[in-house]
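S.K.:
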Amino acid sequence: MFLLVAAAVPVGRTQDTLIGVAPFDAARPSFTIGLWVGGNLLLGLLIPVSLVLTKLAYGAAPGSLFSVAGRFRWAVFARAAVVVVPLWIVYALVLQPFLGTGAPRWTALHLALCVVAVVTVPLQSAGEEFLFRGLVFRAVGARFARPLVAFVVAATITAVEFGLIHGASDGWGTAYYVAMGVCFAVLAERTGGLEIPVLLHATNNMVLLVPVLLAGQLSSVSTPSGPILLVPILLVVIVTTLMWRTTPRLTKLSADEVAAAA
Numbered sequence: 000m001f002l003l004v005a006a007a008v009p010v011g012r013t014q015d016t017l018i019g020v021a022p023f024d025a026a027r028p029s030f031t032i033g034l035w036v037g038g039n040l041l042l043g044l045l046i047p048v049s050l051v052l053t054k055l056a057y058g059a060a061p062g063s064l065f066s067v068a069g070r071f072r073w074a075v076f077a078r079a080a081v082v083v084v085p086l087w088i089v090y091a092l093v094l095q096p097f098l099g100t101g102a103p104r105w106t107a108l109h110l111a112l113c114v115v116a117v118v119t120v121p122l123q124s125a126g127e128e129f130l131f132r133g134l135v136f137r138a139v140g141a142r143f144a145r146p147l148v149a150f151v152v153a154a155t156i157t158a159v160e161f162g163l164i165h166g167a168s169d170g171w172g173t174a175y176y177v178a179m180g181v182c183f184a185v186l187a188e189r190t191g192g193l194e195i196p197v198l199l200h201a202t203n204n205m206v207l208l209v210p211v212l213l214a215g216q217l218s219s220v221s222t223p224s225g226p227i228l229l230v231p232i233l234l235v236v237i238v239t240t241l242m243w244r245t246t247p248r249l250t251k252l253s254a255d256e257v258a259a260a261a
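In numbering that gives the first Met the number 0, the protein residues as written are 0 to 261.
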């Protein structure tokens with residue numbers, strides 16, 4: 000993880016130079032286009048890295064990191080998305096006036112950045128989930144014989160790591176990321192896979208980032224701070240509860256899947 004983050008700066012500078020924008024300057028740090036795209040792609044590499052390490056470290060089938068089915072269950076992802084995506088869009092629209100993002104600029108550049116976000120943000124979000132709720136969660140949980148103890152310790156450690164790695168500027172920001180991490184861990188355990196954590200993570204990042212991109216404020220993007228973060232914390236807790244209660248329906252096999260498994 001740290002190697003990939005460290006590589007983001009030179010990769011980002013190279014991409015900035017190629018597309019003709021001022022490259023990232025460590026003396027006056029800002030979030031450049033190249034740094035953003037490079038960081039997303041490098042974090043996306045955590046997916047194959049985690050799969051390979053799962054095989055090398057535990058001798059387990061790489062597919063077991065996706066889910067108990069040994070693969071990414073797109074049907075589970077799609078069923079949850081029907082609820083999650085519209086809900087998060089409404090949440091983002093309600094929250095925008097409090098964030099002071101600014102008016103959108105419907106230029107070719109800003110629209111192109113949104114397209115890039117659609118491609119790279121899900122990779123970044125999935126990479127983080129495969130690392131924290133996949134590989135690290137398994138590594139920590141494997142040290143404990145009792146399942147409940149294994150889950151509590153693994154969920155706590157991975158959530159705290161998730162919160163710290165994002166480098167929030169205050170306790171509110173850290174609490175926000177830790178709460179997200181705990182909820183993602185609960186959903187991964189409950190549903191038997193990473194599909195819904197990936198969905199929530201990617202959707203949250205996308206709906207909050209697109210207004211920033213359209214407003215041309217990528218260089219100053221940051222996590223909000225203060226009590227306003229209680230809103231997304233409460234939302235993710237509510238959605239986690241809803242997903243928990245509807246897990247049997249979300250994870251049911253279709254007729255084709257039952258036939259394929261037979």
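Don't be surprised by glycine CBs; every beta carbon is placed ideally from N, CA and C.
If contacts are defined as beta-carbon pairs under 8 Å, then leucine 112 and leucine 207 qualify, I think. What distance do you get, rounded to the angstrom?
M.R.: Contact flag wrong, Cβ pair sits at about 14 Å.
S.K.: Count the other CB atoms, across all protein chains shown, that sit within 10 Å of the CB of threonine 240; report buried if there are 16 or more and exposed otherwise.
M.R.: Under this definition threonine 240 is an exposed residue.
S.K.: Would tryptophan 73 be called buried (16 or more neighbouring beta carbons within 10 Å of its own) or exposed?
M.R.: Exposed, since its Cβ has fewer than 16 Cβ neighbours within 10 Å.
S.K.: Could you check which residue in Trp35, Leu55, Trp87 has the C-alpha nearest to that of valine 238?
M.R.: Closest option to valine 238, Cα to Cα, is Trp87.
S.K.: Where proline 247 and isoleucine 195 are concerned, what is the direct C-alpha to C-alpha distance, given to the nearest angstrom?
M.R.: The alpha-carbon atoms of proline 247 and isoleucine 195 are separated by roughly 13 Å.
S.K.: Going by C-alpha to C-alpha distance, which of Arg132, Val135, Phe161, Trp105 sits closest to proline 210?
M.R.: When each option's Cα is compared against that of proline 210, the closest is Trp105.
S.K.: Going by C-alpha to C-alpha distance, which of Ala60, Ala80, Leu52, Val93 sits closest to valine 197?
M.R.: If we check each option's Cα against that of valine 197, Ala80 comes out closest.
S.K.: With a Cβ-Cβ cutoff of 7 Å, do threonine 157 and phenylalanine 129 count as a contact?
M.R.: Not a contact, by the Cβ cut-off of 7 Å.
S.K.: What residue does the alpha helix (DSSP H) around leucine 241 start on, and which one ends it?
M.R.: Segment 229-244, the alpha helix (DSSP H) holding leucine 241.
S.K.: If you draw a straight line from the alpha carbon of leucine 147 to that of leucine 110, how long is it in whole angstroms?
M.R.: Those two C-alpha atoms are separated by around 46 Å.
S.K.: Would you mind sorting proline 47 into buried or exposed? The rule is 16 or more other CB atoms within 10 Å of its CB.
M.R.: Proline 47 comes out exposed.
S.K.: Got a sec, what are the start and stop residues for the alpha helix (DSSP H) lysine 54 sits in?
M.R.: Here the alpha helix (DSSP H) through lysine 54 covers 45-57.
S.K.: Where DSSP assigns a beta bridge to glycine 192, which residues make up the other side?
M.R.: DSSP lists Ser66 as partners of glycine 192.
S.K.: Please classify isoleucine 32 as buried or exposed, where buried requires at least 16 other C-beta atoms within 10 Å of its C-beta.
M.R.: Answer is buried; the Cβ neighbour count reaches 16.
S.K.: Hey, could you find the ends of the alpha helix (DSSP H) proline 146 is sitting in?
M.R.: Here the alpha helix (DSSP H) through proline 146 covers 146-164.
S.K.: Hey, is leucine 229's beta-carbon within less than 7 Å of any beta-carbon in chain C?
M.R.: Annotation note: the requested chain C is absent from the structure, which comprises a single protein chain.
S.K.: Distance check for valine 177 and glutamate 160, CA to CA, integer angstroms please.
M.R.: Distance between the alpha carbons of glutamate 160 and valine 177: 8 Å.
S.K.: Once the 5 residues before and after threonine 222 are set aside, which same chain residues still bring their CB inside 6 Å of it?
M.R.: These residues qualify, in order along the chain: Ala167, Gly172.
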